[in-house]
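Chemist: Residue numbers (this note's numbering), protein chains in the order written: chain F, 1 to 158; chain P, 159 to 316; chain E, 317 to 474; chain G, 475 to 632; chain W, 633 to 790; chain C, 791 to 948; chain R, 949 to 1106; chain D, 1107 to 1264.
Note that the Cβ used here is the ideal one computed from N, Cα and C, for glycine as well.
Only a predicted model underlies this, so the values are computations on that prediction, with no experimental measurement involved.
There are 8 protein chains.
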Amino acid sequence: MNKISVIMGSSSDLETLQEAINLLKEYKAGFEVKVLSAHRTPKELEAYVGSAAKNGVKVFIAAAGGAAALAGVIAAHTTLPVIGVPIETRSLKGLDSLLSTVQMPAGIPVASMSIGKAGAKNAALFALEILGIGDKSIAGKLAKHKKAMRVKVLKIKI
Amino acid sequence: MNKISVIMGSSSDLETLQEAINLLKEYKAGFEVKVLSAHRTPKELEAYVGSAAKNGVKVFIAAAGGAAALAGVIAAHTTLPVIGVPIETRSLKGLDSLLSTVQMPAGIPVASMSIGKAGAKNAALFALEILGIGDKSIAGKLAKHKKAMRVKVLKIKI
Amino acid sequence: MNKISVIMGSSSDLETLQEAINLLKEYKAGFEVKVLSAHRTPKELEAYVGSAAKNGVKVFIAAAGGAAALAGVIAAHTTLPVIGVPIETRSLKGLDSLLSTVQMPAGIPVASMSIGKAGAKNAALFALEILGIGDKSIAGKLAKHKKAMRVKVLKIKI
Amino acid sequence: MNKISVIMGSSSDLETLQEAINLLKEYKAGFEVKVLSAHRTPKELEAYVGSAAKNGVKVFIAAAGGAAALAGVIAAHTTLPVIGVPIETRSLKGLDSLLSTVQMPAGIPVASMSIGKAGAKNAALFALEILGIGDKSIAGKLAKHKKAMRVKVLKIKI
Amino acid sequence: MNKISVIMGSSSDLETLQEAINLLKEYKAGFEVKVLSAHRTPKELEAYVGSAAKNGVKVFIAAAGGAAALAGVIAAHTTLPVIGVPIETRSLKGLDSLLSTVQMPAGIPVASMSIGKAGAKNAALFALEILGIGDKSIAGKLAKHKKAMRVKVLKIKI
Amino acid sequence: MNKISVIMGSSSDLETLQEAINLLKEYKAGFEVKVLSAHRTPKELEAYVGSAAKNGVKVFIAAAGGAAALAGVIAAHTTLPVIGVPIETRSLKGLDSLLSTVQMPAGIPVASMSIGKAGAKNAALFALEILGIGDKSIAGKLAKHKKAMRVKVLKIKI
Amino acid sequence: MNKISVIMGSSSDLETLQEAINLLKEYKAGFEVKVLSAHRTPKELEAYVGSAAKNGVKVFIAAAGGAAALAGVIAAHTTLPVIGVPIETRSLKGLDSLLSTVQMPAGIPVASMSIGKAGAKNAALFALEILGIGDKSIAGKLAKHKKAMRVKVLKIKI
Amino acid sequence: MNKISVIMGSSSDLETLQEAINLLKEYKAGFEVKVLSAHRTPKELEAYVGSAAKNGVKVFIAAAGGAAALAGVIAAHTTLPVIGVPIETRSLKGLDSLLSTVQMPAGIPVASMSIGKAGAKNAALFALEILGIGDKSIAGKLAKHKKAMRVKVLKIKI
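1. Taking the alpha helix (DSSP H) that Pro263 of chain P falls in, what are its first and last residues?
2. Using C-beta distances below 6 Å, list every residue in its chain close to Val691 of chain W, excluding the 5 sequence neighbours before and after it, in chain order.
3. With 8 Å set as the bound, which would you pick, yes or no: does the beta-carbon of Val509 of chain G sit closer than that to a beta-carbon of chain C?
4. Helix, strand or coil for Ala1174 of chain D? Go by DSSP, reduced to three states.
5. Hey, does Arg248 of chain P have any beta-carbon neighbour from chain D nearer than 8 Å?
6. Mind listing the chain P neighbours of Arg1256 of chain D? Cutoff is C-beta to C-beta under 7 Å, in chain order.
7. Per DSSP, what kind of secondary structure is Lys844 of chain C in: helix, strand or coil?
8. Alpha carbons only, please: which of R:Gly1004, R:Ala1024, R:Ala1023 and R:Gly1055 is nearest the one belonging to Asn950 of chain R?
9. Taking the alpha helix (DSSP H) that Ser1085 of chain R falls in, what are its first and last residues?
10. For Leu470 of chain E and Glu676 of chain W, which I take to be in contact (beta-carbon distance under 8 Å), what is that distance rounded to the nearest angstrom?
11. Report the option in E:Val418, E:Ser407, E:His393 and E:Lys473 whose CA atom is closest to the CA atom of Val401 of chain E.
12. Out of P:Ala301, P:Asp293 and P:Met262, point me to the one whose CA is closest to Ile241 of chain P's CA.
13. Using a Cβ-Cβ distance under 8 Å, would Val785 of chain W count as near chain R?
14. Phe598 of chain W bridges to which residues according to DSSP?
15. How far does the alpha helix (DSSP H) with Ile316 of chain P in it reach, from first residue to last?
16. Count the C-beta pairs between the stretch 117–127 of chain F and the stretch 22–38 of chain F that are closer than 8 Å, then say yes if the count reaches three, no if not.
17. Can you find the residues in the same chain that come closer than 6 Å, C-beta to C-beta, to Val507 of chain G, ignoring five residues on each side of it along the sequence?
18. Starting from Ile1189 of chain D, follow the beta strand (DSSP E) in both directions and report where the run begins and ends.
19. Beta-carbon of Gly924 of chain C versus every beta-carbon of chain R: anything under 8 Å?
20. So Pro358 of chain E packs on Val231 of chain P, CB below 8 Å; how close in whole Å?
21. Taking 8 Å as the CB-CB limit, is Thr831 of chain C close to chain D?
22. Quick check: what's the CA-CA separation for Ser1197 of chain D versus Gly998 of chain R?
23. Would you kindly work out how many angstroms separate the C-alpha atoms of Leu333 of chain E and Gly325 of chain E, rounded to a whole number?
24. Interface residues of chain P around Lys567 of chain G at Cβ under 9 Å?
25. Suppose you measure from the CA of Ala854 of chain C to the CA of Gly1014 of chain R; what does that come to, to the nearest Å?
26. If I measure Cβ to Cβ from Ile296 of chain P and keep anything under 6 Å in the same chain, skipping five residues before and after, which residues do I get?
27. When the Cα atoms are used, what is the spatial distance from Ala685 of chain W to Val467 of chain E?
28. Output the boundary residues of the alpha helix (DSSP H) element that contains Lys1066 of chain D.
29. Going by Cα to Cα distance, which pick from W:Ile693, W:Pro741 and W:Ser732 is closest to Arg514 of chain G?
30. Can you check whether the CB of Ala69 of chain F is closer than 8 Å to the CB of Ala38 of chain F?
31. Which residues, in chain order, does the stretch 677–707 of chain W contribute to contact with chain E at a C-beta distance below 9 Å?
32. Can you pull the chain G residues whose beta carbon is under 7 Å from the beta carbon of His709 of chain W, in chain order?
33. Less than 8 Å between CB atoms is the rule here; does Ser163 of chain P satisfy it with respect to chain G?
34. So what's Ser1266 of chain D in DSSP terms, helix, strand or just coil?
35. Given that Asn122 of chain F touches chain P, what residues does it touch there, using C-beta distances under 7 Å?
36. Assuming Met745 of chain W and Gly897 of chain C are in contact, meaning their beta carbons sit under 8 Å apart, how far apart are those beta carbons, in whole angstroms?
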């Protein structure tokens, strides 16, 4: 089964990612969640990324805050798509996380989502969009989800 | 053939995108290039996005500057992956383009690359990484490219 | 009756807009309020903008946050004046909304107000100022309102 | 004749405004251009704003840079619509001009355009959109202009 | 008696200024406090500034937030020193107030203090430093105050 | 004679200050110019500030860039007014200099001018405004200068 | 014994530094803590820095907020390594403290850590790393600490 | 011999580092220069950091731009001090590099210098200050260098 690997740099990032994980469950997508840090567990991170492809991982989602190296370091070790989620930080509110995630040099792409929970949820959706290219079931669910969002907006009366 | 659609909001964005387009040629990837603006040609943009999937487009790359609505508006019309390239701007240097591209609300993901030419090149690579999931030939070329970058760095003597 | 159309990208924006809506009521101005999103209901938004002019709408007020495409997309579909209200956001505090609203390319003007509730109230006043050019009753009320603000300040004793 | 008043804080701002002035000429709109500063000629500015309405001015365009008080001070003296153009500055690139123009307190609306020449041109268009509400000839020209922009984009071949 | 004029753009600014006003009382400095707005009471502000010098005012302190034109507009009407206090704002945290206060064009100086209460207190001290040049009593109190601050720091044990 | 002390942190700052120095000459104000650094000559700076008051200095102007400690350190050693000029920097364009100059803690006021040459010129004018409180000749020249600026603006024809 | 000197500009900074001080205790490192301000006690600060080296201080940690001159001024008085900790501030969230600490001119190095508590803790660790070069016991503890962090991350199950 | 390891993420960073390297030569310090990228050569970087300590490296200097992960990744692999130099970037002028370098999470310290050439030179001086703790010859040269800077400033006549 094609899988999405969700990696967070710290267990405190789980709060930001929870709704994204719930979404992957709803979609019955294959996925696994890891806490691995580019700064505190660099070797285990490298080893995991190296082995993930063999275990069916097709897309990585990496969430980290501050000097957020996680997504870029994962991208250094793979040519599978890596999606970055900048975690909101206490002082600079995630501007540091965003620039550390998105301003990658030419050659090592990272796909940045928006800061915080909205970005986390979009990371899950974007990973599903990627898998949906080759999986009509996922593509169909995405189309339904999009329609449902539309309908929900249109139902609002003010 | 699976195709990548490269859309720019203005013909002046071509300079930023040229190296990315060259890369797609090198990879012999299927792609098409359009100038379509979320602000000046909204209906044609919508029509194009609607028909693109039928013509084999699997991934969109959207480059725009300033109040850069292009990638988000494309994402509004499709559940295929949309990659955004924030164009560097004269006054705010692309910070406006970046925030307009990346800070998408939950539900409508856009994958932002870095500002300017590096981001454009990475958009092409990221699109290829997405197609590479289902295409061993592209995946193989990406692995070679990554290795070549590594070798190039290691050859430098100072 | 000349009308003001107030559009918000999400029902959560109503809190920001409430005082502005109250102001329009006080002025007994013709207005209508809609929740329509550039990203989640693009076709309905387009259809609404296209028909609004026929229903007497003369000015649009568009409030949105983050990668706030709403005002720009409305402006793409009309040559009636479009006023943008950047909604304050959780992480970047509305700087993202402001730049996404105000940094429009040449050719498609959007009139940005300040971030948040003050901007929303000013959007209502600005729409009234526009209608006041051709409507002496509104112009008269605006002059009274301005005088009342002045008197209120002058009455303060410290 | 309904008139647009274009005020700049310094003669050095003319370069930014030139294309906007040319546009007003093309539209054969009634307009007048003044150099008046909120800081160097406050009394003359006040006097001019007070008399402008009597001379047929319906909309003000105010361009200034740095601690750009011009648009706000004009708005303090009138209930006619005031459009602000933030001039690009040497050090902070117009971010100072933008915030000084757009972050108006509740009660005194200023409609900010984008920084620099694009914003200046849009100020002219926005003023025309305002006058176009009551003037079918202007409204017709705006619709043609919009269509011409669209056609120009669609003609581009890459 | 030489006097310090403290002007705030809104009565809500009093909270920021209270400690500064207390300090002026402690120094038994001559001072007066006014609520006058560059945007809501421009004529009364101008009139007040014009008459202040005749009533013994030697220094102005002007506190305002957002597109803070107050200090600059006072400086437009006088060649007495004007000290600006940028009020902290809800969304942009006073960065807007700071740039609107400090980025004055050549010819019209405004002396900006730091954002918020520290800046307000420093405005009072700075005004006293100015008056202290010609008033040995004030100069003596300032020297004592400075020494007391030093002693207070040195007494801290951790 | 009442004197203005102009201190720059580096001889490269002279370019920014030259017009300000010329202005002091025009006014035939007493002044002296020093190159002294808070970081490279801290003891000489302290000694100079300590002795300056004895030599008739009444106001300090301090220009520095980057982590600009100069004005604050001078203010630490005196209760005479200290005016700071943030020098434009290569990378952050003087935003670093501005925040380092203006964001002083309560108790040690520094009066910040705008970034670069305009700020330098205003520092000279502001120092003259301070001295003008007790010197009718300077006050008269300032009033003439202000009038001349006004006349110059009013003469512009466009 | 080699010592680390921890200096804070204000006793309110202790909250930010407490965990760092605890860490130095855990390591049984030689250290001393002082409250000394570049702005309020400049002479005592200079005297202390001058004497510290004679008392065995090898590294300075300096924590300050706003226009944070402390670390730079210490560095002006010594050629021992100076580590700066930017304190989070109320309005600008420590961006002012960071730029005032890190943007030092060539010749006077200051080593900036991240804003707030994480930066304070890292300052302690970085000082220990410096002393660890010549002290195998400290180096050993640092290696253990690093391993423990790694193990802690790897134990997390989600 | 105690050595300083200077690592740059790209050969284009050499221009920024050249003066720093010259300084190390002048000091006759032991040092080596490498081009190794956290993103393009992660394994070789890890291997090099692991072996460097065995070859006498005591301090690392890491220079990188944009999403600058280099210094943080080196710090992930060692408990020797790591000094980061944020390289100036085209669009965001090194603000991205600075935040990516300095905003490290608790536990993995990186010592950030200022953006660009001044920061690079200071990185060399700071590394020498670290080695100077245990090396009187280096400490003596640093003291001379500091004195020479002072004398140079004091000689300037304006």
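Modeler: Checking against the coordinates, here is how it stands:
1. No alpha helix (DSSP H) holds Pro263 of chain P; DSSP gives it neither H nor E.
2. Ile636, Pro713, Ala759 and Ile762
3. yes
4. coil
5. no
6. Residues of chain P passing the Cβ test: none, with the nearest at roughly 33 Å.
7. helix
8. R:Gly1004
9. Lys1084 to Lys1103
10. 6 Å
11. E:Val418
12. P:Met262
13. yes
14. Here chain W covers residues 633 to 790 and nothing more, so residue 598 of chain W does not appear.
15. Ile316 of chain P -> no alpha helix (DSSP H), and no H or E assigned at all.
16. yes
17. Val480
18. Val1188 to Ile1193
19. no
20. 7 Å
21. yes
22. 42 Å
23. 11 Å
24. Arg248, Ser249, Leu250 and Lys251
25. 17 Å
26. Leu286, Leu289 and Gly290
27. 24 Å
28. Lying outside 1107 to 1264, the shown extent of chain D, residue 1066 of chain D is not represented and no answer is given.
29. W:Pro741
30. yes
31. Gly698 and Ala699
32. Pro516
33. no
34. Since the first residue shown for chain D is 1107 and the last is 1264, residue 1266 of chain D is missing from the structure and cannot be characterised.
35. Met262, Ala264 and Pro267
36. In fact, because the Cβ distance is near 12 Å, the residues do not count as touching under 8 Å.
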